[in-house]
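Laid out in structure tokens, this is it:
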């Protein structure tokens, strides 16, 4: 029979530094132009903040789905194939560089140059489209299946609970940022339309952030 002290050591623990680091990665990813941001901005501008909020709830459900899939999958992966860290580390770095290139390649557009030709949708469809948009977002798949494992340490406790804790942190960061985007979309888009030079700057800043994350991910054997 184990002592309370021994039982306590088996409880999943994620160091505060790792949580903060992962939250910063999540913040960098959510601020990077992608399908979720485009969809939320477009719906908020076209149908108002309520439509944007309903769409955001669908996006959050997509995050929960990815979190649970990654958490249960990581439990088996990390116990069976410890060296999988290195493979997914390089895959994640490569994809971050790909996103950086897409932000600045010739002909690239800022996410704030959103479409204005979409029809108005009912709440059910807004929610479903938010969910599907996130589910089909490769950036989120990379975040959960390539980046999140770098912050999980089996020596700290149950991998499943660590994954859920880290995933919940990402969801909280993404919900907060995306909620701000929903409420500010109209004003921000209008400002950028009157200051087009900043659209280019925004793309280069995002590309720089992504490149920095990719370099760190590639050079560090473990981020934790």
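In my numbering, the protein residues as written are 172 to 395. The beta-carbon is built from N, C-alpha and C at its ideal position, and this holds for glycine as well.
Using a C-beta cut-off of 8 Å, the region 219-229 makes no contact with the region 363-381, since fewer than three inter-stretch Cβ pairs fall below that distance. When the Cα atoms are used, residue 369 and residue 234 turn out to be separated by approximately 30 Å. Residue 202 holds the alpha-carbon nearest to the alpha-carbon of residue 346 among 185, 335, 202. Note on residue 386: under 16 other CB atoms within 10 angstroms of its CB, so exposed under the neighbour-count rule.
For residue 296, the uninterrupted alpha helix (DSSP H) run begins and ends at 294-306, by DSSP.
Assignment of residue 218 by DSSP, reduced to helix, strand and coil, places it in the helix class. Your pair residue 184 and residue 328 checks out as a contact, with CB atoms roughly 5 Å apart and the cut at 8 Å. In the structure shown, residue 202 adopts coil according to DSSP, grouped into three states. Assignment of residue 348 by DSSP, reduced to helix, strand and coil, places it in the helix class. Rounded to the nearest whole angstrom, the CA to CA distance from residue 272 to residue 383 is 13 Å. Just so you know, the alpha carbons of residue 308 and residue 326 end up roughly 31 Å apart. Distance from residue 342 to residue 238 at the Cβ level is roughly 7 Å; contact confirmed, criterion being Cβ atoms closer than 8 Å. Between the C-alpha atoms of residue 336 and residue 323 there is a straight-line separation of about 10 Å. For the pair residue 229 and residue 298, the Cα-to-Cα distance works out to about 4 Å.
In the displayed model, residue 276 falls within coil according to three-state DSSP, outside both helix and strand.
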